[in-house]
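K.L.:
As you go down the protein sequences, you meet chains A and B in turn.
Residues in the first sequence are numbered consecutively from 6, following the working numbering.
Residues in the second sequence are numbered consecutively from 426, following the working numbering.
Glycine included, every Cβ here is placed at the ideal spot set by N, Cα and C.
Bear in mind that the values here come from a model prediction, so they are computed numbers and not experimental data.
Pasting a structure here, questions to come.
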Amino acid sequence: MALFDEFPSLGRTELRDLKKGIDFAFNDFSRDNGEAIEHFFDPLMFFMVWFEKLLINAPWPLMVLIFAVLAWLGARSIPIVIGTIVSFLTIGWFGMWEDTMATVAIISVATALCIGLGIPLGILMSKSNRVQAVVTPILDIMQTIPSFVYLIPVVMLLGIGKVPGLIAVCIYALPPIVRLTNLGIRLVDKEVLEAAEAFGSSYRQKLFDVQMPLALPNIFAGVNQTIMMALAMVVIASMIGVKGLGVPVLRAVSNQYLALGLMNGLAIVALAVIFDRVSQAYGKRLQKHRQGGHDA
Amino acid sequence: MPDIKVSIKNLYKIFGPKGEDMVPKVEDGATKASLLADHKHVLGLNNVNIDIPARRIQVIMGLSGSGKSTLIRHLNRLIEPTAGQVLIDGVDVLAMSDAELRDFRRNKMSMVFQKFALLPHRTVMDNVCYGLKIKGVDKAEMVERSQRWIDRVGLAGFENNYPAQLSGGMQQRVGLARALATDAEILLMDEAFSALDPLIRKDMQEILLDLQQELHKTIIFITHDLDEALHIGDNIVILRDGAVIQQGTPQEIVLDPADDYVRDFIKDINRARVLDVKSVMEPGASDTGLSFEANTILEKAMPVMSKADVTSANVTQDGEVIGMVTLADMIGGIARPESHESEQVTYR
Numbered sequence: 006m007a008l009f010d011e012f013p014s015l016g017r018t019e020l021r022d023l024k025k026g027i028d029f030a031f032n033d034f035s036r037d038n039g040e041a042i043e044h045f046f047d048p049l050m051f052f053m054v055w056f057e058k059l060l061i062n063a064p065w066p067l068m069v070l071i072f073a074v075l076a077w078l079g080a081r082s083i084p085i086v087i088g089t090i091v092s093f094l095t096i097g098w099f100g101m102w103e104d105t106m107a108t109v110a111i112i113s114v115a116t117a118l119c120i121g122l123g124i125p126l127g128i129l130m131s132k133s134n135r136v137q138a139v140v141t142p143i144l145d146i147m148q149t150i151p152s153f154v155y156l157i158p159v160v161m162l163l164g165i166g167k168v169p170g171l172i173a174v175c176i177y178a179l180p181p182i183v184r185l186t187n188l189g190i191r192l193v194d195k196e197v198l199e200a201a202e203a204f205g206s207s208y209r210q211k212l213f214d215v216q217m218p219l220a221l222p223n224i225f226a227g228v229n230q231t232i233m234m235a236l237a238m239v240v241i242a243s244m245i246g247v248k249g250l251g252v253p254v255l256r257a258v259s260n261q262y263l264a265l266g267l268m269n270g271l272a273i274v275a276l277a278v279i280f281d282r283v284s285q286a287y288g289k290r291l292q293k294h295r296q297g298g299h300d301a
Numbered sequence: 426m427p428d429i430k431v432s433i434k435n436l437y438k439i440f441g442p443k444g445e446d447m448v449p450k451v452e453d454g455a456t457k458a459s460l461l462a463d464h465k466h467v468l469g470l471n472n473v474n475i476d477i478p479a480r481r482i483q484v485i486m487g488l489s490g491s492g493k494s495t496l497i498r499h500l501n502r503l504i505e506p507t508a509g510q511v512l513i514d515g516v517d518v519l520a521m522s523d524a525e526l527r528d529f530r531r532n533k534m535s536m537v538f539q540k541f542a543l544l545p546h547r548t549v550m551d552n553v554c555y556g557l558k559i560k561g562v563d564k565a566e567m568v569e570r571s572q573r574w575i576d577r578v579g580l581a582g583f584e585n586n587y588p589a590q591l592s593g594g595m596q597q598r599v600g601l602a603r604a605l606a607t608d609a610e611i612l613l614m615d616e617a618f619s620a621l622d623p624l625i626r627k628d629m630q631e632i633l634l635d636l637q638q639e640l641h642k643t644i645i646f647i648t649h650d651l652d653e654a655l656h657i658g659d660n661i662v663i664l665r666d667g668a669v670i671q672q673g674t675p676q677e678i679v680l681d682p683a684d685d686y687v688r689d690f691i692k693d694i695n696r697a698r699v700l701d702v703k704s705v706m707e708p709g710a711s712d713t714g715l716s717f718e719a720n721t722i723l724e725k726a727m728p729v730m731s732k733a734d735v736t737s738a739n740v741t742q743d744g745e746v747i748g749m750v751t752l753a754d755m756i757g758g759i760a761r762p763e764s765h766e767s768e769q770v771t772y773r
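See the structure below:
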């Protein structure tokens with residue numbers, strides 16, 4: 006019963022050849038196309054460089070003011086605005102201003118990109134069960150595969166730098182917005198949809214007057230999750246050359262600098278809390294119509 | 426015969442992957458239960474034929490699962506039939522292209538829903554404007570027309586409230602105003618008042634009858650409540666398991682139920698509120714000097730007789746005496762018909 010003693014695996018040579026084959030094929034692919042793909046992303050890279058410089062070079066009081074105004078517009082809450090101002094001032098006081106601005110820059114671009122890609126994809130998924138069946142497992146993979154694994158092909162293709170970092174962040178941060186857009190649209194009250202249909206709505210009228218507004222709370226939860234997950238990727242992205250708060254954290258890990266790691270780690274936490282509270286408060290305000298005396 | 430607005434011909438709906446193949450089986454006498462057991466298909470509508478007259482209230486009633494909501498959704502094609510025709514003003518709705526169908530839904534027919542189906546993120550005003558906005562009516566006219574209907578259903582002052590801030594009855598007034606605002610000739614009402622509590626429901630029925638007095642729309646009203654059906658319907662269709670069991674005026678249904686199912690339905694209703702003096706009169710003339718119009722209901726006539734302390738009265742139609750009624754006739758009419766205890770029927 007030799008069969009049961011040892012798992013019938015591929016031989017060592019076959020395995021080596023298989024791995025080699027895949028590696029060489031991808032190597033060839035990236036040698037032939039790497040440059041073209043890199044050029045394709047050039048505009049994005051120029052934009053990111055410009056945006057990061059803009060945030061870093063802007064006078065800090067102006068930036069703090071802008072963050073305070075944004076927090077106010079989003080949350081309409083004095084405590085959150087004060088918290089935002091205090092957090093940024095503290096971050097600056099501890100000498101982390103530039104890294105923080107770099108992180109804010111990549112998070113903003115990544116979130117915008119994820120929203121731009123994720124909402125249309127989520128809408129598509131909600132319209133077709135077939136698309137949903139195809140996309141769902143891909144999203145599962147994107148969320149669960151260890152980030153280091155997809156860093157390998159990204160770096161092989163594009164080298165290290167801002168764009169591969171952005172792609173790595175987006176792979177991780179995209180799924181929640183897609184999922185929650187899909188879910189939100191699918192959960193829209195069937196009778197309300199029927200009413201829209203009965204009054205002769207066109208496809209666009211249904212989508213923009215009924216489905217999107219009613220799915221908004223869920224879509225917004227998706228945006229919130231996307232921001233949080235993008236922030237969570239900051240340290241890993243710094244491994245492939247993205248500037249920001251991740252860089253000192255990484256240095257702290259490899260050199261056992263407890264204080265450095267703690268300070269930059271807490272700065273990431275502060276950003277996360279601010280983004281989360283502001284975006285959640287904004288999401289709640291979008292639903293003020295739900296607060297009524299009687300809820301059906 | 427009044428002119429026919431909506432004509433439903435040989436309509437079948439069978440839910441399931443191979444619905445069309447099931448039609449011949451239903452024609453050969455398969456029932457809802459046997460179709461489900463043998464072929465795993467659900468019989469929604471079984472050879473429905475109804476002619477709905479213009480400018481009247483047509484009630485379609487049945488218990489849950491009888492296919493009434495399925496039927497009403499065929500009229501504006503929210504559900505596609507398996508076989509059959511729905512003619513509205515002679516045009517087959519089922520043959521319309523997508524664009525024609527949209528146009529038809531925007532202009533010809535509007536709908537009121539059981540759970541109101543209002544847009545929760547829009548104010549009362551915006552909800553009432555909804556149908557007009559889809560039609561592309563310009564803003565000033567839209568607001569003016571909507572305001573008129575908001576006032577008409579008694580919601581003036583609530584224009585800027587959100588639906589969640591209103592009670593159920595008020596929400597359904599919004600639903601009604603939204604449906605009326607498009608000026609569609611046909612109004613579909615799918616259990617429109619069923620979710621409301623009894624007093625509010627009564628209220629809404631009066632509003633509807635009141636509006637109908639001046640609007641004369643073709644209203645198709647779905648309900649499972651026989652009292653409601655008898656109260657507001659000019660004509661009633663009774664459905665069971667997707668098939669039409671009986672159609673007729675409220676009087677006809679109460680006086681001459683088609684089978685035990687219908688008989689069971691009507692056994693608990695207030696007959697005095699449905700039957701008129703004409704339906705229980707006898708030949709001859711009374712000398713009491715009291716007379717009633719032929720369509721006076723017994724509930725109104727009896728106290729008048731009792732107050733006048735007489736036992737008979739004349740029945741008049743267009744000013745002519747066409748017969749007489751006695752108190753005995755009336756009591757006979759109100760008395761419940763013999764029940765058929767021997768035949769115990771159960772309904773799902």
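Does the distance from the CB of Ala220 of chain A to the CB of Ala80 of chain A come in under 9 Å?
P.N.:
no
K.L.:
Determine, for Asp563 of chain B, whether the minimum Cβ-Cβ distance to residues of chain A falls below 9 Å.
P.N.:
no
K.L.:
Return the residues of the segment 205 to 229 of chain A that lie within a Cβ-Cβ distance of less than 9 Å from chain B, sorted by chain order.
P.N.:
Cβ contacts with chain B: Gly205, Ser206, Ser207, Gln210, Asp214, Val215, Pro218, Leu219 and Leu221.
K.L.:
Which chain A residues sit within Cβ distance under 8 Å of Ala542 of chain B?
P.N.:
Those are Asp194, Glu196, Val197, Glu199 and Ala200, listed as they occur along chain A.
K.L.:
Who does Phe717 of chain B pair with in a DSSP beta bridge?
P.N.:
Per DSSP, B:Val740.
K.L.:
Any beta-carbon of chain B closer than 9 Å to the one on Ala203 of chain A?
P.N.:
yes
K.L.:
Between Ile759 of chain B and Leu723 of chain B, how many whole angstroms is the CB-CB distance? I'm expecting something under 8 Å.
P.N.:
6 Å
K.L.:
Closest Cβ-Cβ distance between Lys493 of chain B and chain A: below 9 Å?
P.N.:
no
K.L.:
Looking only at its own chain, which residues have a Cβ that is under 7 Å from the Cβ of Gly594 of chain B, when we skip the five neighbours before and after it?
P.N.:
Leu621, Ile625, Asp628 and Met629
K.L.:
Along the segment 657 to 671 of chain B, what residues have a CB closer than 8 Å to any CB found in chain A?
P.N.:
none
K.L.:
Between Leu496 of chain B and Leu488 of chain B, what straight-line distance do the alpha-carbon atoms span, to the nearest angstrom?
P.N.:
13 Å
K.L.:
Phe538 of chain B touches chain A at which residues, Cβ-Cβ below 9 Å?
P.N.:
Those are Glu196, Val197, Glu199, Ala200 and Ala203, listed as they occur along chain A.
K.L.:
With 16 other CB atoms within 10 Å as the buried threshold, where does Arg531 of chain B fall?
P.N.:
buried
K.L.:
CB-CB under 6 Å to Phe56 of chain A, same chain, minus the five flanking residues each way: which ones, in chain order?
P.N.:
Apart from the 5 residues on each side of it in sequence, Phe56 of chain A sits with its Cβ closer than 6 Å to the Cβ of Ala110 in its chain, given in chain order.
K.L.:
DSSP state of Gln210 of chain A, grouped into three classes?
P.N.:
The three-state reading of DSSP puts Gln210 of chain A in helix, counting H, G and I together.
K.L.:
I'd like to know whether the C-beta of Gln292 of chain A is nearer than 9 Å to at least one C-beta of chain B.
P.N.:
yes
K.L.:
Determine the DSSP secondary structure at Ile504 of chain B, reduced to helix, strand or coil.
P.N.:
coil
K.L.:
Less than 9 Å between the C-beta atoms of Arg500 of chain B and Val516 of chain B, yes or no?
P.N.:
The question names Arg, but residue 500 of chain B is Leu in the sequence shown. No, the Cβ-Cβ distance between Leu500 of chain B and Val516 of chain B is not below 9 Å.
K.L.:
Is there a Cβ from chain A that is less than 9 Å from the Cβ of His546 of chain B?
P.N.:
yes
K.L.:
Please classify Trp98 of chain A as buried or exposed, where buried requires at least 16 neighbouring CB atoms within 10 angstroms.
P.N.:
With fewer than 16 other Cβ atoms within 10 Å, it is exposed.
K.L.:
With a Cβ-Cβ cutoff of 9 Å, do Gly667 of chain B and Lys465 of chain B count as a contact?
P.N.:
no
K.L.:
Determine which residues share a DSSP beta bridge with Pro478 of chain B and list them.
P.N.:
B:Ile429
K.L.:
Going by alpha carbons, who is nearest to Ile112 of chain A out of A:Leu255, A:Gly16 and A:Ala178?
P.N.:
A:Ala178
K.L.:
Do Leu265 of chain A and Thr105 of chain A have their beta-carbon atoms positioned less than 9 Å apart in this structure?
P.N.:
no
K.L.:
Comparing the C-beta of Leu526 of chain B with each C-beta of chain A, is any distance below 9 Å?
P.N.:
Yes - at least one Cβ of chain A is within 9 Å of the one on Leu526 of chain B.
K.L.:
Taking the continuous alpha helix (DSSP H) assigned at Ser535 of chain B, which residues delimit it?
P.N.:
Note, Ser535 of chain B: premise wrong, no alpha helix (DSSP H); beta strand (DSSP E) at Met534 to Val537.
K.L.:
Where does Arg665 of chain B sit, in a helix, a strand or coil, going by DSSP?
P.N.:
In the three-state reduction of the DSSP assignment, Arg665 of chain B falls in the strand class, which pools E and B.
K.L.:
Beta carbon of Ile232 of chain A, beta carbon of Ser152 of chain A: below 9 Å?
P.N.:
no
K.L.:
Would you tell me roughly how many angstroms separate the C-alpha atoms of Ala272 of chain A and Ile96 of chain A, rounded to the nearest one?
P.N.:
Ala272 of chain A and Ile96 of chain A have their C-alpha atoms spaced approximately 6 Å apart.
K.L.:
Using the Cα positions of Gly121 of chain A and Gly658 of chain B, report the straight-line distance between them to the nearest angstrom.
P.N.:
Straight-line spacing of the CA atoms in Gly121 of chain A and Gly658 of chain B works out to 53 Å.
K.L.:
Check the Cβ-Cβ distances between Met555 of chain B and every residue of chain A, and say whether any is below 9 Å.
P.N.:
Before going further, note that residue 555 of chain B is Tyr rather than Met in the sequence given. Yes, its Cβ sits closer than 9 Å to a Cβ of chain A.
K.L.:
I'd like to know whether the C-beta atoms of Met614 of chain B and Phe646 of chain B end up nearer to each other than 9 Å.
P.N.:
yes
K.L.:
With a cut-off of 9 Å, does the C-beta of Ile513 of chain B fall near any C-beta of chain A?
P.N.:
No, Ile513 of chain B does not count as interfacial toward chain A.
K.L.:
Report the start-end ranges of each alpha helix (DSSP H) in the segment 97 to 178 of chain A that is 4 residues or longer and not cut off at the edges.
P.N.:
List check, alpha helix (DSSP H) in window: 102 to 132, 134 to 149 and 152 to 163.
K.L.:
Are the segment 249 to 257 of chain A and the segment 176 to 193 of chain A touching, with three or more C-beta to C-beta distances below 8 Å?
P.N.:
no
K.L.:
What residues in its chain sit with their C-beta under 6 Å from that of Gly39 of chain A, if we drop five residues either side in the sequence?
P.N.:
Leu162
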